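Comments concern the structure below.
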Amino acid sequence: MSIRERLSGNEASAIAMKQINPDVVAAFPITPSTEIPQYFSTFVSNGSVDTEFVAVESEHSAMSACIGAEAAGARAMTATSSNGLALMWEMIHIAASSRLPIVMPLVNRTISGPINIHNDHSDAMGIRDSGWIQLFSENNQEAYDNLIMAHRIAENKDVMLPLAVCQDGFITSHAIENIELLEDDKVKEFVGTYNPEHYLLDANNPMAVGPLDLQPFFFEHKHQEAVAMNNAKRVILEVAKEFEKLTGRKYGFFEEYKMNDAELVIVCMNSTAGTTKDVVDKLREQNIKAGLLKIRVYRPFPAEEIAKALSNAKAIAVLDKATGLNACGAPLFTDITSAMFVNKTFVPTVNYVYGLGGRDTTSKQIEKVYSDLAQIAKTGIVDNPYRNFGLRGDE
Amino acid sequence: MTNDLLEIRWHGRGGQGAKTASLLLADAAFNTGKYIQGFPEYGPERMGAPITAYNRISNNPIRIHSNIYEPDYVVVVDDTLLESVDVTAGLKETGAIVINTTKSDEYLKKVLKGYKGRIYTIDAKKVSIEALGKYFPNTPMLAAIVKVANIMDEKEFLEDMKGSFKHKFAKKPEVIDGNMKALELALNSIKKIDN
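As given, the protein sequences belong to chains A and B, one line each in that order.
Note that the numbering used here gives residue 129 to position 16 of the first sequence, counting from 1, and the numbers run on in steps of one.
Note that the numbering used here gives residue 68 to position 65 of the second sequence, counting from 1, and the numbers run on in steps of one.
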């Protein structure tokens, strides 16, 4: 029996971490993820976990401490947002290339500047090619479930890569909502213990961590990292299957909502997917064939599977909560259209940048996107693929 | 899916506890078996600045994640906001507004710009000072919205809040009785304006 609760996304993440009971948590506070290490430090002080909590002086140090702990053979976690992640950036790549399966809740907040504490996905997009697995979460439940699955994916010997669990800052991190929790013993059994093949404190098998790696083997090591990211696809699905057996909750690379016969399709991530589902239901009552593809696994990017899922659509809108600043489309759009092109899925597709810096995303805006798609489906003409919604002056 | 979604918007000032009240309301409705959302709209938060908080309550899972633009109910914790914030914006006429105020009916009708739904007032300051000896408007306003929106049975609500306060004030048990008294007094201090 699961436990019926009501928690914010941050509380849910902290409770998942309590149930995981990692060996080390090293963190530095930054809005809106601050509550996660804050709640977790309470669990440390009241003895409900036996984690070594390291209150570091910066996010660069938080990631460095996690790297040190993981290299030593421990299970390490941290949490951050926005510029905290930016300050980690150097160590983010070193964690991945050293093949250290650190797990980190990433409560998405825009990257400065201008300075702003609110939600968009520009922080996560900054590490999209860093070798971190990235799972996105629609609500508190998914943030919790993704964290419970995280170590099983990251620590798999065919993967050995760090993993970030994203959720929308404030929108879900600070909203109290219903959630189904697992019992502590079930989580403990599911997550299991971490037994690394190689670790620094293994006195019988001395090793070096992070040595100079020049022309002879650097390329091969990078290639191994890329292969590991490919392997993660299989492992993510295997772990999801086991998780479904435990909870009844089904997870894949993405969620297909009313996609069976969908002609007008929105692709998006995190909390906007929930708002979009309500709009899809409303449009279905009017016999409009609307559908939603919600990306859960952003890295590794399931390109072939996404292209196939979109192949029967008549018009597609990719919603990006981050701007590309590249004159050729925002990150999710370029990923999706590249996946479609390579897999010969040719459907008119447009990009909408939206919700930057916490601009509220409303049902009306989503309805307007579907009505734009209906127009594109009818005419087959895309006059401008690079669009916005919710921008002043555009309404 | 039955469309039973109840949406509530809170207007207050930083430090008055509107956010806490919205979270307590979410708690109370959750305990009756409902699906709930309780969330503040975070801005540049500081003491005295206008803040908005929201609640959604439903028998079905709640998926929408946007602010509330067409609320069924509005709670105004501080009547000095009435002239600077459009508190009835989008408020359904089938719903109601509950205001912490001692201002005249005429004044209220004027600042609410002809809102045609029900208008309720409560002197939360009087209730709070009588019950707690201090001015914390959020507890009386919580009771007021529970009653006006008929969110749950009054007895059940009081029973449930006793549990919540025990948890919330675990380190200050001396304020539990006062807060319970504030709820009880508030339930009997709500006035309806004829409009």
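Don't be surprised by glycine CBs; every beta carbon is placed ideally from N, CA and C.
As the structure is a computational prediction, the values presented were derived from the model and not from experiment.
Can you give me the start and stop residues for the beta strand (DSSP E) that residue i sits inside?
| i | result |
| --- | --- |
| GLU133/B | No beta strand (DSSP E) holds GLU133/B; the alpha helix (DSSP H) holding it covers 127 to 135. |
| CYS279/A | 276 to 281 |
| MET144/B | Element bounds for MET144/B: not the beta strand (DSSP E) but the alpha helix (DSSP H), 141 to 151. |
| VAL114/B | No beta strand (DSSP E) contains VAL114/B, which is instead part of the alpha helix (DSSP H) from 108 to 114. |
| GLU44/B | 38 to 44 |
| TRP13/B | 9 to 16 |
Can you name the start and end residues of the alpha helix (DSSP H) that residue i belongs to?
| i | result |
| --- | --- |
| THR462/A | Unbroken run through THR462/A is the beta strand (DSSP E), 462 to 467; no alpha helix (DSSP H). |
| VAL78/B | No alpha helix (DSSP H) contains VAL78/B, which is instead part of the beta strand (DSSP E) from 76 to 79. |
Can you check whether the CB of residue j is closer than 8 Å to the CB of residue i?
| i | j | result |
| --- | --- | --- |
| VAL101/B | HIS14/B | no |
| ALA263/A | THR285/A | no |
| ALA430/A | PHE367/A | no |
| PHE330/A | ILE261/A | no |
| TYR465/A | VAL392/A | no |
| GLU170/A | VAL137/A | no |
| SER243/A | ILE205/A | yes |
| LEU327/A | MET320/A | no |
| GLU10/B | PRO74/B | yes |
| ASN103/B | MET144/B | yes |
| ASN229/A | SER194/A | no |
| ILE54/B | GLY41/B | no |
| ALA175/A | ALA140/A | yes |
| LEU188/B | VAL130/B | yes |
| ILE240/A | LEU26/B | no |
| LYS119/B | GLU133/B | no |
Can you tell which of the options has its C-alpha closest to the C-alpha of residue i?
| i | options | result |
| --- | --- | --- |
| ARG12/B | ILE148/B, GLU159/B and LYS194/B | ILE148/B |
| HIS173/A | VAL162/A, ASN196/A, LEU219/A and GLU357/A | ASN196/A |
| MET372/A | SER484/A, TYR152/A, ILE143/A and ALA428/A | ALA428/A |
| ALA56/B | HIS287/A, HIS311/A and THR389/A | HIS287/A |
| ALA199/A | ALA175/A, ASP236/A and ASN229/A | ASP236/A |
| ALA129/A | THR492/A, LYS407/A, ASN253/A and ALA435/A | ASN253/A |
| ARG119/A | ASP7/B, LEU28/B and ALA21/B | LEU28/B |
| VAL463/A | ALA452/A, ILE489/A, THR474/A and CYS279/A | ILE489/A |
| ALA452/A | ALA168/A, GLU418/A and GLY437/A | GLU418/A |
| GLY323/A | PRO142/A, PHE156/A and GLY181/A | GLY181/A |
Just how far apart, CA to CA, sit residue i and residue j?
| i | j | result |
| --- | --- | --- |
| ALA185/B | SER146/A | 34 Å |
| ALA24/B | ILE67/B | 21 Å |
| ASP82/B | ALA52/B | 13 Å |
| ILE116/A | ASN182/B | 29 Å |
| PRO64/B | TYR38/B | 6 Å |
| VAL151/B | GLN19/B | 21 Å |
| TYR499/A | PHE446/A | 9 Å |
| MET273/A | ALA341/A | 7 Å |
| GLY17/B | PHE33/B | 25 Å |
| PHE454/A | HIS234/A | 24 Å |
| TYR307/A | GLY282/A | 30 Å |
| ILE196/B | TYR123/B | 6 Å |
| LEU469/A | SER192/B | 44 Å |
| ALA187/A | PRO135/A | 8 Å |
| ASN291/A | LYS299/A | 20 Å |
For residue i, which residues from the same chain have a beta carbon less than 6 Å from its beta carbon, with the 5 sequence-adjacent residues on both sides left out?
| i | result |
| --- | --- |
| ILE149/A | ASN123, SER126, ALA127, ALA192 and PRO218 |
| TYR72/B | GLY93 |
| PHE168/B | ILE179 and ASN182 |
Looking only at its chain, what residues have a beta carbon closer than 7 Å to the beta carbon of residue i, apart from the 5 residues adjacent to it on each side?
| i | result |
| --- | --- |
| ALA375/A | LYS402, ALA403, GLY404 and ALA426 |
| ILE266/A | ILE246, VAL272, LEU276, ALA345, VAL348, ILE349 and VAL352 |
| SER161/A | LYS131 |
| ASN259/A | LEU248, SER250 and VAL278 |
| ALA420/A | ALA452, MET453, ASN456 and THR458 |
Among the residues of its own chain, which have a CB less than 8 Å from the CB of residue i, if the five just before and after it don't count?
| i | result |
| --- | --- |
| THR5/B | Reliability of the predicted coordinates at THR5/B is poor, the pLDDT of 48 falling under 50, and the value obtained from them is presented with this limitation in mind. Excluding sequence neighbours, THR5/B sits near ASN62 and ASN63. |
| ALA516/A | No information on residue 516/A is available, as it lies outside the stretch 114 to 508 that chain A covers here. |
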